[in-house]
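Numbering (the numbering used here), first residue to last: 4 to 128. Glycine included, each C-beta is placed from N, C-alpha and C at the ideal position.
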Amino acid sequence: MKRILLFSVGVIALVLLIIVLVRYYYVFGEGVKSGELNYLVKKGYVFKTYEGKLIQAGIRSRTAGSIQSYEFEFSVVNSNIAMQLMNNAGKEFDLHYKEYFGKIWWRGNTVYVVDSILAMREIRR
4 MKRILLFSVG VIALVLLIIV LVRYYYVFGE GVKSGELNYL VKKGYVFKTY
54 EGKLIQAGIR SRTAGSIQSY EFEFSVVNSN IAMQLMNNAG KEFDLHYKEY
104 FGKIWWRGNT VYVVDSILAM REIRR
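Here is the structure:
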């Protein structure tokens, strides 16, 4: 009886561990987003994280004659990447990101985490 109980507790603990690892550490998707960096801030009460927003120009819109913009909200873990983004706010970037199923307090407020800057350009107007 004690053996079955110990085995059951072990299996439940293993299943819970797998669920947590998949939910918070498994990379669900990754890609590149391009657009104008609107802002990047460091904020938080206990865990200070870098949070930013990239504005992507849109062509399609629900109303005729207007252009819709798309916003990409993201987090940055690497402070070197965050500083490079902060020092060049307002420029156009190509950002590589990873998407997770869930967010973690110390990783950021979004499920999208930027891990590298692929290109940086002045905005053409």
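Residue nearest to residue i in terms of C-alpha spacing, selected from the options
| i | options | result |
| --- | --- | --- |
| residue 35 | 84, 45, 101 and 107 | 101 |
| residue 41 | 111, 75, 122 and 115 | 75 |
| residue 98 | 8, 25 and 55 | 55 |
| residue 46 | 6, 80, 93 and 122 | 80 |
| residue 59 | 52, 73 and 13 | 73 |
| residue 115 | 48, 44 and 33 | 33 |
| residue 85 | 44, 24 and 121 | 44 |
| residue 52 | 16, 20, 90 and 110 | 110 |
| residue 127 | 118, 14, 91 and 39 | 39 |
The alpha helix (DSSP H) enclosing residue i, as first and last residue numbers
| i | result |
| --- | --- |
| residue 85 | 82 to 90 |
| residue 26 | 5 to 28 |
For residue i, the first and last residue of its enclosing beta strand (DSSP E)
| i | result |
| --- | --- |
| residue 96 | 95 to 103 |
| residue 117 | 115 to 124 |
| residue 58 | 52 to 60 |
Nonlocal neighbours in the same chain, by C-beta distance under 7 Å from residue i, ignoring five residues either side
| i | result |
| --- | --- |
| residue 108 | 50 |
Own chain, CB closer than 8 Å to residue i, minus 5 neighbours either side, in chain order
| i | result |
| --- | --- |
| residue 125 | 94 and 95 |
| residue 113 | 54, 76, 77, 78 and 106 |
| residue 120 | 84, 87, 88, 96, 97, 98 and 99 |
Contacting residues, own chain, Cβ-Cβ under 6 Å from residue i (five flanking each side not counted)
| i | result |
| --- | --- |
| residue 104 | 26 and 31 |
For residue i, the residue or residues it bridges with in DSSP
| i | result |
| --- | --- |
| residue 35 | 99 |
| residue 73 | 59 |
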